[in-house]
Amino acid sequence: METLLRKQPLFSAADDDTIKKAGEMARIAEFGPGDYICYQGDTRSPLVLAISGQLRTSTLSEDGREIPVRVINPGQSGGEEPILVNSSLHGNIVAVRKSTVALFSRAHARELFNEPNVARVLINSMALRVMHLVERHAAQGLPRADARISAVIESAINNAEKDESPLIELPDQATIAAMAKVSRETVSRVLKSLTNRGVIAKEGRQIRVRDRVTLHTLATG
Numbered sequence: 001m002e003t004l005l006r007k008q009p010l011f012s013a014a015d016d017d018t019i020k021k022a023g024e025m026a027r028i029a030e031f032g033p034g035d036y037i038c039y040q041g042d043t044r045s046p047l048v049l050a051i052s053g054q055l056r057t058s059t060l061s062e063d064g065r066e067i068p069v070r071v072i073n074p075g076q077s078g079g080e081e082p083i084l085v086n087s088s089l090h091g092n093i094v095a096v097r098k099s100t101v102a103l104f105s106r107a108h109a110r111e112l113f114n115e116p117n118v119a120r121v122l123i124n125s126m127a128l129r130v131m132h133l134v135e136r137h138a139a140q141g142l143p144r145a146d147a148r149i150s151a152v153i154e155s156a157i158n159n160a161e162k163d164e165s166p167l168i169e170l171p172d173q174a175t176i177a178a179m180a181k182v183s184r185e186t187v188s189r190v191l192k193s194l195t196n197r198g199v200i201a202k203e204g205r206q207i208r209v210r211d212r213v214t215l216h217t218l219a220t221g
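The letter at position 161 of the sequence shown is residue 161 when you use full-length UniProt numbering, and the numbering goes up by one with no holes.
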């Protein structure tokens, strides 16, 4: 368990004692595609750390529709905000594909957040998350579908911020379509166009962003 945690960005700067403590606190669980890990409104929701697979956070509209908010890839986490402010979870966390996660109770999560090295990484991660959400929200107001879809791809880069040619795992096309407010057919068309232009390249189930400058230009309209 400690070996797994050392590979997670949240604990990248943590000392040995913190890693050992986190290993004793963590509960490892596996979820299949479509399985819910946490439900919107839960007042005891845990900190969720993705070890493998892919998760999605979403909220429910008044008419019961699921609205995707963000994707959680391996090394990323979810559920921090309600733990920090002692509120109920503002959305669902569900597995997109078969996933392994580490779960930390709210009491244990707060104890870890008090560790200075963990706190610094957490602050940076949440700042980037807010920035990406704001940028994507702004892009949704743009008239072009390629701008909105490019913004979703940019937001998926996240922990690969400093990599000039990051390899990322995108959510499925249905999720991208919901996040960008376009049809699945439009997502397929735009992804094919980005590939033909050399902006992205598919590598197995992941994509390589080959031209971040062009992607950013498209995402910002």
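Even glycine gets a Cβ: it sits at the ideal position worked out from N, Cα and C. In this text the structure is predicted, and so the values were computed from the model without any measurement.
| Check | Outcome |
| --- | --- |
| Distance, Ala-156 Cα to Glu-185 Cα | 20 Å |
| Span of the alpha helix (DSSP H), counted from its first residue to its last, around Phe-11 | Careful: Phe-11 lies outside any alpha helix (DSSP H) and carries neither H nor E. |
| Pro-68 - containing beta strand (DSSP E), residue span | 66–72 |
| 8 Å Cβ cutoff met for Asn-117 and Ala-29 | no |
| Residue 238 vs Leu-49 beta-carbon contact at 8 Å | Residue 238 is absent from the structure shown; the chain starts at 1 and stops at 221. |
| In DSSP terms, what Ala-29 is bridged to | Val-101 |
| The segment 24–39 in contact with the segment 97–104 per 3-pair CB rule at 8 Å | yes |
| Three-state secondary structure (DSSP) of Leu-170 | coil |
| Delimiting residues of the alpha helix (DSSP H) encompassing Val-182 | Segment: none, Val-182 is in no alpha helix (DSSP H) and carries neither H nor E. |
| Any 3 or more C-beta pairs closer than 8 Å across the segment 163–177 and the segment 185–201 | yes |
| Reference Met-131, options Arg-205, Ala-151, Glu-115 and Val-209, closest by Cα | Ala-151 |
| Endpoints, the beta strand (DSSP E) within which Arg-208 is located | 206–209 |
| Residues bridged to Ala-201 (per DSSP) | Arg-208 |
| Own chain residues within Cβ distance below 6 Å of Ala-109, not counting five before or after | Leu-47 and Ile-83 |
| Same chain only: Cβ atoms within 6 Å of Arg-65, ignoring 5 sequence neighbours per side | none |
| Which of helix, strand or coil DSSP assigns to Gly-53 | strand |
| Run of the alpha helix (DSSP H) containing Leu-112, from where it starts to where it stops | 106–113 |
| Selection from Val-69, Arg-148 and Pro-171 that minimises the alpha carbon distance to Arg-129 | Val-69 |
| Neighbourhood of Leu-4 by C-beta, 7 Å cutoff - its chain only, sequence neighbours within 5 removed | Ile-51 |
| Burial state of Gly-79 (16 or more Cβ within 10 Å) | buried |
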